[in-house]
Amino acid sequence: VTATNEYLDKSRNIPINIWINGNHKTISTNKVSTNKKFVTAQEIDVKLRKYLQEEYNIYGHNGTKKGEEYGHKSKFYSGFNIGKVTFHLNNNDTFSYDLFYTGDDGLPKSFLKIYEDNKTVESEKFHLDVDISYKETI
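The numbering of the sequence shown is UniProt numbering, which starts it at 1 and goes up by one.
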């Protein structure tokens with residue numbers, strides 16, 4: 001439950017620096033935004049992953065033509081098998097999540113443990129750095 005005074009005057013699009021196979025671009029989208037003064041990393045991470053799936057097909061089978069240019073060579077039927085999102089706070093602290101970590105046993109209860117510390121960030125004082133690429137495996 002978020003108290004009334006815990007909301008921003010207007011929703012903030014979280015700034016995103018994204019590197020796709022080493023090529024950088026900066027993104028601002030209302031699909032990765034919040035109107036809360038303090039937000040959990042999990043909430044932002046989920047919104048980011050949904051955006052990356054819709055726009056870049058990082059997990060394959062997104063049902064659109066978006067991301068087709070990156071191919072389908074990974075086990076996810078996408079053009080990517082390596083990825084990381086880093087929360088970069090204005091005080092230079094950082095923490096990150098592996099975008100392709102599936103847990104110790106591949107089950108949701110294992111994967112969701114990445115959020116067990118319930119990190120919260122001040123929504124106006126961070127941006128995201130995202131790196132997605134493909135690396136051949138043996």
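Beta carbons are placed, not taken as given, at the ideal position from N, Cα and C, and that holds for glycine.
Distance, residue j Cα to residue i Cα
i	j	result
ASP93	PHE126	9 Å
VAL121	PHE100	23 Å
GLY64	LEU107	According to the sequence as given, residue 64 is Thr; it is not Gly. So the two alpha carbons sit approximately 27 Å from each other.
THR86	LYS31	18 Å
ARG49	GLY83	11 Å
LYS37	LEU52	24 Å
GLU7	ILE44	The sequence as given places Tyr at residue 7; Glu does not occur at that position. Going from the Cα of TYR7 to the Cα of ILE44 covers about 15 Å.
LYS73	ILE132	14 Å
residue 141	SER28	With the chain represented from 1 up to 138, any question about residue 141 goes unanswered, as that position is not in the structure.
ASN118	VAL46	13 Å
GLY103	SER110	5 Å
SER123	THR34	7 Å
ASP9	HIS88	23 Å
DSSP three-state assignment for residue i, whether helix, strand or coil
i	result
GLU124	coil
residue 139	Any question about residue 139 goes unanswered here, given that the chain covers just 1 to 138.
LEU48	helix
TYR56	helix
ILE82	strand
ASN5	helix
LYS113	helix
When the options are compared against residue i, the one with the closest alpha-carbon
i	options	result
HIS61	TYR51, PHE76, LYS84	PHE76
TYR115	GLU122, ASP105, SER96	SER96
THR40	THR137, HIS24, ILE14	ILE14
residue 140	GLY22, LEU89, THR26	Any property of residue 140 remains undetermined from this structure, which presents the chain solely from 1 to 138.
SER78	GLU54, ASP98, HIS88, LEU89	GLU54
Whole-angstrom C-beta distance between residue j and residue i, which should lie under 8 Å
i	j	result
ASN81	LYS135	6 Å
ILE20	TYR56	7 Å
ASN17	ASP129	5 Å
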